[in-house]
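A short write-up of the structure that comes next.
Numbering (our numbering), first residue to last: 12 to 136.
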(Lines of atoms letter the chains of each structure in order from A and count residues from 1; the text may use other names and numbers.)
(Lines give C-alpha, C1' and ligand atoms only; values in the text may rest on other atoms or scores of the structure.)
Protein backbone atom coordinates (compact mmCIF):
# COMPACT_ATOMS: atom_id res chain seq x y z
CA UNK A 1 0.00 0.00 0.00
CA UNK A 2 1.66 3.16 -1.24
CA UNK A 3 -0.03 5.66 1.08
CA UNK A 4 -1.57 7.51 -1.88
CA UNK A 5 -4.64 5.67 -3.16
CA UNK A 6 -4.48 2.00 -2.09
CA UNK A 7 -6.72 0.41 0.53
CA UNK A 8 -8.39 -2.90 1.38
CA UNK A 9 -12.19 -3.06 1.47
CA UNK A 10 -13.76 -5.82 3.57
CA UNK A 11 -17.31 -5.88 2.19
CA UNK A 12 -20.39 -6.57 4.27
CA UNK A 13 -18.78 -7.39 7.58
CA UNK A 14 -21.79 -8.07 9.81
CA UNK A 15 -22.32 -9.39 13.31
CA UNK A 16 -18.57 -9.40 13.97
CA UNK A 17 -16.90 -7.30 16.67
CA UNK A 18 -13.19 -7.62 15.87
CA UNK A 19 -10.59 -7.62 13.10
CA UNK A 20 -7.20 -9.28 13.33
CA UNK A 21 -4.37 -8.74 10.84
CA UNK A 22 -0.63 -9.02 10.26
CA UNK A 23 0.58 -5.55 9.29
CA UNK A 24 3.67 -3.52 8.50
CA UNK A 25 3.12 0.20 9.12
CA UNK A 26 5.79 2.47 7.63
CA UNK A 27 7.13 5.13 9.98
CA UNK A 28 7.19 7.64 7.10
CA UNK A 29 3.65 8.51 5.97
CA UNK A 30 2.71 10.65 2.97
CA UNK A 31 -0.48 12.08 4.44
CA UNK A 32 -1.00 14.05 7.65
CA UNK A 33 -4.06 11.96 8.54
CA UNK A 34 -3.95 8.19 7.99
CA UNK A 35 -6.36 5.45 8.98
CA UNK A 36 -5.71 1.85 9.94
CA UNK A 37 -9.43 1.06 10.02
CA UNK A 38 -12.54 2.98 9.00
CA UNK A 39 -16.11 1.73 8.94
CA UNK A 40 -17.97 4.98 9.53
CA UNK A 41 -20.05 5.17 6.37
CA UNK A 42 -22.24 2.46 4.86
CA UNK A 43 -21.20 1.75 1.30
CA UNK A 44 -22.79 -1.55 0.35
CA UNK A 45 -25.85 -2.42 2.41
CA UNK A 46 -26.96 1.05 3.56
CA UNK A 47 -28.17 -0.61 6.79
CA UNK A 48 -26.93 2.35 8.74
CA UNK A 49 -23.69 4.08 9.49
CA UNK A 50 -21.09 2.99 12.01
CA UNK A 51 -20.26 6.54 13.21
CA UNK A 52 -17.74 5.61 15.89
CA UNK A 53 -15.90 2.78 14.11
CA UNK A 54 -12.49 4.16 13.07
CA UNK A 55 -8.85 4.16 14.20
CA UNK A 56 -6.38 6.70 12.88
CA UNK A 57 -3.23 8.57 13.87
CA UNK A 58 -5.39 11.46 15.09
CA UNK A 59 -8.26 9.71 16.89
CA UNK A 60 -10.06 6.49 17.75
CA UNK A 61 -13.82 6.23 17.54
CA UNK A 62 -15.90 5.55 20.62
CA UNK A 63 -16.72 2.03 19.42
CA UNK A 64 -13.06 0.98 19.41
CA UNK A 65 -12.70 -1.07 22.56
CA UNK A 66 -9.22 -2.61 22.35
CA UNK A 67 -6.17 -2.24 20.13
CA UNK A 68 -3.83 -5.12 20.90
CA UNK A 69 -0.41 -5.30 19.23
CA UNK A 70 1.59 -8.51 19.55
CA UNK A 71 -0.46 -9.45 22.61
CA UNK A 72 -0.12 -6.09 24.39
CA UNK A 73 -3.06 -3.71 24.83
CA UNK A 74 -1.79 -0.30 23.64
CA UNK A 75 -4.88 1.53 24.95
CA UNK A 76 -5.78 2.85 21.49
CA UNK A 77 -2.59 4.99 21.50
CA UNK A 78 -1.35 5.46 17.90
CA UNK A 79 2.19 6.30 19.03
CA UNK A 80 2.44 2.85 20.65
CA UNK A 81 1.64 1.12 17.33
CA UNK A 82 4.99 -0.41 16.32
CA UNK A 83 6.33 0.83 12.97
CA UNK A 84 8.75 -0.68 10.40
CA UNK A 85 8.27 -4.32 11.40
CA UNK A 86 5.63 -7.01 11.05
CA UNK A 87 3.10 -6.87 13.89
CA UNK A 88 -0.10 -8.70 14.73
CA UNK A 89 -2.93 -6.23 15.42
CA UNK A 90 -6.29 -7.09 16.96
CA UNK A 91 -8.95 -4.37 17.06
CA UNK A 92 -12.24 -4.99 18.85
CA UNK A 93 -15.43 -2.97 18.90
CA UNK A 94 -18.09 -2.44 21.56
CA UNK A 95 -20.74 -2.81 18.82
CA UNK A 96 -21.15 -5.42 16.07
CA UNK A 97 -20.18 -4.29 12.56
CA UNK A 98 -23.06 -3.71 10.15
CA UNK A 99 -21.37 -2.92 6.84
CA UNK A 100 -18.08 -2.47 4.98
CA UNK A 101 -14.72 -1.86 6.63
CA UNK A 102 -11.75 -0.14 5.01
CA UNK A 103 -8.24 -1.04 6.08
CA UNK A 104 -5.35 1.36 5.42
CA UNK A 105 -7.75 4.16 4.39
CA UNK A 106 -10.75 6.13 5.44
CA UNK A 107 -13.89 5.62 3.38
CA UNK A 108 -12.90 5.78 -0.27
CA UNK A 109 -16.18 6.39 -2.11
CA UNK A 110 -19.19 8.65 -1.99
CA UNK A 111 -19.68 12.04 -0.40
CA UNK A 112 -17.33 11.24 2.49
CA UNK A 113 -14.39 10.16 0.30
CA UNK A 114 -10.93 11.56 0.47
CA UNK A 115 -7.50 10.66 1.71
CA UNK A 116 -6.39 9.00 4.87
CA UNK A 117 -4.43 6.23 3.16
CA UNK A 118 -1.82 4.47 5.27
CA UNK A 119 1.54 3.43 3.83
CA UNK A 120 2.52 -0.14 4.68
CA UNK A 121 1.76 -3.82 4.05
CA UNK A 122 -0.92 -6.34 4.99
CA UNK A 123 -0.05 -10.04 5.07
CA UNK A 124 -3.38 -11.46 6.22
CA UNK A 125 -6.72 -10.39 7.70
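Using N, Cα and C, we set each Cβ at its ideal position, and we do this for glycine too.
Among the options, nearest to residue i - alpha-carbon criterion
i: residue 113; options: 13, 98, 129 and 107; result: 129
i: residue 127; options: 88, 46 and 68; result: 46
i: residue 61; options: 67, 74 and 68; result: 74
i: residue 76; options: 20, 64, 69 and 99; result: 64
i: residue 42; options: 15, 30 and 20; result: 15
Simplified DSSP state of residue i, which is helix, strand or coil
i: residue 89; result: helix
i: residue 74; result: coil
i: residue 24; result: coil
i: residue 65; result: strand
i: residue 131; result: strand
i: residue 41; result: coil
i: residue 17; result: coil
i: residue 116; result: coil
Terminal residues of the beta strand (DSSP E) in which residue i lies
i: residue 49; result: 46 to 49
i: residue 107; result: That residue, residue 107, is in no beta strand (DSSP E); it is neither H nor E in DSSP.
For residue j and residue i, believed in contact at Cβ under 8 Å, the rounded distance
i: residue 99; j: residue 81; result: 6 Å
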